[in-house]
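Here is the structure we will look at.
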Amino acid sequence: MGRGVPARRREHRRVGAADHDADRHLPRGAFAVRGVRHGGQRRGVHRRRVRALPGRQRRRRRPRRHPGRLPHRPRRQLHPLRRPRPHPAPARLVRARHLRHGLPPRGDAVSPRIAVIYHSRRGTVRTLAELAAQGARDAGAEVRLLRVPEETEDHGQWPEEIAEPEDVLRAEGLVLAAPTYYGMVSSPFKRFLESTSPLWGQGLLADRVATCLTASTQRHGGREATLTSLHHTLCHWGCWVAGSDPADPVTQAAGGTAYGLAADNTQGRPTPAERAAARALGHRLTDLTARAHPRRPAGRPAPTPTPPHRPVRLAVVYHGEDAATRILAQEAAAAARVLGAEVRLRRVALGGGVRDAAWLGPSAAPAAAEDVAWADAALFGAPVRLGALAAPLLEFVQTLDGEPGPLWGKPAGGFAITPARHAGAETALLDLGHMLLHTGALLVPPGYTDPAVEAAGGNPYGTSCSRAPDGLPTPQARAAAAHQGRRIAFAGDLLRRTPQPSAPTSVPSTSIGSPA
1 MGRGVPARRR EHRRVGAADH DADRHLPRGA FAVRGVRHGG QRRGVHRRRV RALPGRQRRR
61 RRPRRHPGRL PHRPRRQLHP LRRPRPHPAP ARLVRARHLR HGLPPRGDAV SPRIAVIYHS
121 RRGTVRTLAE LAAQGARDAG AEVRLLRVPE ETEDHGQWPE EIAEPEDVLR AEGLVLAAPT
181 YYGMVSSPFK RFLESTSPLW GQGLLADRVA TCLTASTQRH GGREATLTSL HHTLCHWGCW
241 VAGSDPADPV TQAAGGTAYG LAADNTQGRP TPAERAAARA LGHRLTDLTA RAHPRRPAGR
301 PAPTPTPPHR PVRLAVVYHG EDAATRILAQ EAAAAARVLG AEVRLRRVAL GGGVRDAAWL
361 GPSAAPAAAE DVAWADAALF GAPVRLGALA APLLEFVQTL DGEPGPLWGK PAGGFAITPA
421 RHAGAETALL DLGHMLLHTG ALLVPPGYTD PAVEAAGGNP YGTSCSRAPD GLPTPQARAA
481 AAHQGRRIAF AGDLLRRTPQ PSAPTSVPST SIGSPA
């Protein structure tokens with residue numbers, strides 16, 4: 001306390017001497033209540049007038065003002081005890097809004113959020129899931145390892161937390177791991193996938209990067225069918241499907257599947273090659289998730305910078321000179337150009353398509369592998385023949401194979417024209433997706449991310465349209481193709497900082513996981 005300050009003031013204030021120094025910033029005649037600026041009466045609370053303190057220069061007496069009309073003072077001039085505390089409700093509302101839409105709360109860690117969800121009975125799938133989670137952590141991700149329980153179990157066989165549909169909502173990247181039973185996923189895991197229907201119906205599961213792994217007793221007893229069936233679910237969600245890295249030697253050592261990881265059921269003890277492939281799968285998923293959700297993980301170098309002021313590049317490659325195929329290709333290209341993308345519209349001039357669309361103008365330039373290498377994303381389309389896309393387009397896609405090829409790490413998708421409503425609209429696009437995964441591309445399906453998809457028939461694997469008597473696609477199919485073009489261009493813009501192929505992963509020397 002300074003000299004000359006009455007003891008009464010000390011008794012009523014009951015605060016430190018520093019508060020009297022802060023009184024210098026208050027005008028004469030203002031009221032101070034328990035260290036908080038106050039300009040009016042308050043019942044039950046002691047108030048006092050600010051008087052001149054020793055060393056304070058006396059100013060000319062001002063006219064008395066109404067207590068509620070004190071001159072405005074910037075907040076930075078107030079004493080820390082007098083600053084109002086922010087209300088915590090807005091922060092809670094912001095966090096709730098982010099969680100409701102599947103976004104990470106503001107201010108949280110910048111590492112990508114990966115959820116590894118598995119179901120295991122003998123321990124093999126759990127061991128592979130642990131290795132995939134470890135590979136994701138090594139790449140800088142924030143990983144949660146979750147299990148799917150049995151239908152009739154009373155207590156958990158494994159110590160991990162039980163997976164809930166909201167765990168899928170909070171994740172940016174997913175690893176779905178389930179054993180193979182009768183050529184499909186186990187029934188508990190299928191039940192878990194179906195439990196996400198309320199979130200899927202609200203469109204909250206789209207645009208997550210996901211990959212899959214499985215294990216079975218027989219080497220060719222349905223492992224690939226299990227992985228591709230999981231891809232079907234991911235396409236319905238609207239996720240971006242990532243397979244294993246075909247340019248990584250550990251992928252070939254573990255069996256060479258491009259759809260994820262397929263391992264032998266060896267009672268919780270996978271082979272060294274399968275263990276290395278599981279780690280590499282988690283590492284690649286983290287790398288792609290960090291690009292799909294532009295938040296650089298903590299402790300990892302920034303991606304290679306893209307040349308400034310360069311628009312995203314899209315290659316639309318189609319086969320067939322009929323009007324329906326050309327119109328859908330042009331709709332997708334035009335929609336991407338509206339977003340500012342640079343588009344190359346190319347045709348595969350093999351096999352001699354029927355020339356009945358000359359009124360649409362001159363045909364596009366012939367397609368080449370250099371066009372796909374130039375682009376950041378690619379979209380392929382052709383008529384369906386005998387349940388598959390036309391052979392010339394498939395032959396062109398087969399030329400894009402390599403280690404790595406021109407499609408490595410890029411988003412890709414497809415569209416199809418069928419002779420009838422159910423004459424291969426789904427199987428043709430699914431087979432194209434399998435081929436694209438073999439090239440190292442990411443499969444970016446339309447899912448149900450726009451009402452135009454449902455209006456055109458609801459094909460989540462790609463835009464499809466049955467051939468009409470007049471040979472023209474429906475307006476709904478044209479709108480769906482435009483949406484797919486915008487979606488592919490957007491994905492290419494996020495992923496165009498293409499990472500280099502993964503380095504060969506060293507084989508782990510210690511075992512992770514519990515034996516059966």
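For what it's worth, this note's numbering labels the leading residue of the sequence shown as 1, then goes sequentially.
Glycine residues also receive a C-beta, built at the ideal position from the N, C-alpha and C atoms.
Model, not experiment: these values are computed from the prediction.
Annotation for E172: P104, P112, R113, I114, R208, V209, T289, A292 and H293 place their beta carbon closer than 8 Å to its own, counting only its chain and skipping 5 residues before and after.
In the DSSP secondary-structure assignment, V116 is bridged to L145 and V175.
By the neighbour-count criterion, in which 16 or more other beta carbons inside 10 Å mark a residue as buried, S197 falls on the exposed side.
Considered as a whole, the stretch 367-395 harbours 369-374 as its complete alpha helix (DSSP H) runs of no fewer than 4 residues, in chain order. Per DSSP, the unbroken alpha helix (DSSP H) holding T127 starts and ends at T124 to D138. For P188, the uninterrupted alpha helix (DSSP H) run begins and ends at S187 to E194, by DSSP.
Secondary structure of C239 (DSSP, three-state): coil. CA-CA distance, T152 to H119, rounds to 14 Å.
Residue state for E161 is assigned as strand, using DSSP reduced to three classes. When secondary structure is reduced to three states using DSSP, E342 falls in the strand class.
In terms of Cα proximity to V444, the closest of A456, A420 and F415 is F415. Under DSSP, G413 shares a beta bridge with L379. The beta carbon of T474 is closer than 8 Å to those of A456, C465 and A468 in its chain, skipping five residues each way along the sequence. Fewer than three Cβ pairs drawn from the stretch 315-323 and the stretch 271-291 lie within less than 8 Å of each other, which leaves the two stretches out of contact. Assigned with DSSP and collapsed to three states, L234 falls in helix. When DSSP states are grouped into helix, strand and coil, S197 belongs to the helix group.
The C-alpha of V348 is placed about 35 Å away from the C-alpha of L205. Counting along the chain, the unbroken beta strand (DSSP E) around L261 starts and ends at L261 to D264.
Distances from the alpha-carbon of P270 to those of T214, A242 and T233 put T214 closest.
In terms of Cβ geometry, G447 and G238 form a close pair [threshold 8 Å].
Beyond the five residues adjoining it in sequence on each side, Y182 comes within less than 8 Å, by CB distance, of G222 in the same chain, given in chain order.
For A215, the enclosing beta strand (DSSP E) starts and ends at V209 to S216. Pairing A373 with L379, the inter-Cα distance amounts to about 13 Å. For the options R219, A377 and S216, the alpha carbon positioned closest to that of Q484 is the one of A377. For T427, the enclosing alpha helix (DSSP H) has its first and last residue at A425 to H438.
In the DSSP assignment, V316 falls within the beta strand (DSSP E) that extends over R313 to Y318. DSSP places S229 within a helical segment (H, G or I) once states are collapsed to three. Here the C-alpha atom of N459 lies approximately 34 Å from the C-alpha atom of D264. Counting along the chain, T463 sits inside the beta strand (DSSP E) bounded by residues T463 to S466.
For E370, the number of other beta carbons within 10 angstroms of its own is below 16, and it is reported as exposed. Take the alpha-carbon of R344 and the one of L193: they are about 38 Å apart. Contact between the stretch 396-412 and the stretch 241-255 is established, with three or more Cβ pairs separated by less than 8 Å. Contact between A254 and L261 holds, since their C-beta atoms are separated by about 7 Å, short of 8 Å. T226 sits close to V185, with the two beta carbons spaced by under 8 Å. When secondary structure is reduced to three states using DSSP, L442 falls in the strand class. The continuous alpha helix (DSSP H) containing P475 extends over residues P475 to L495.
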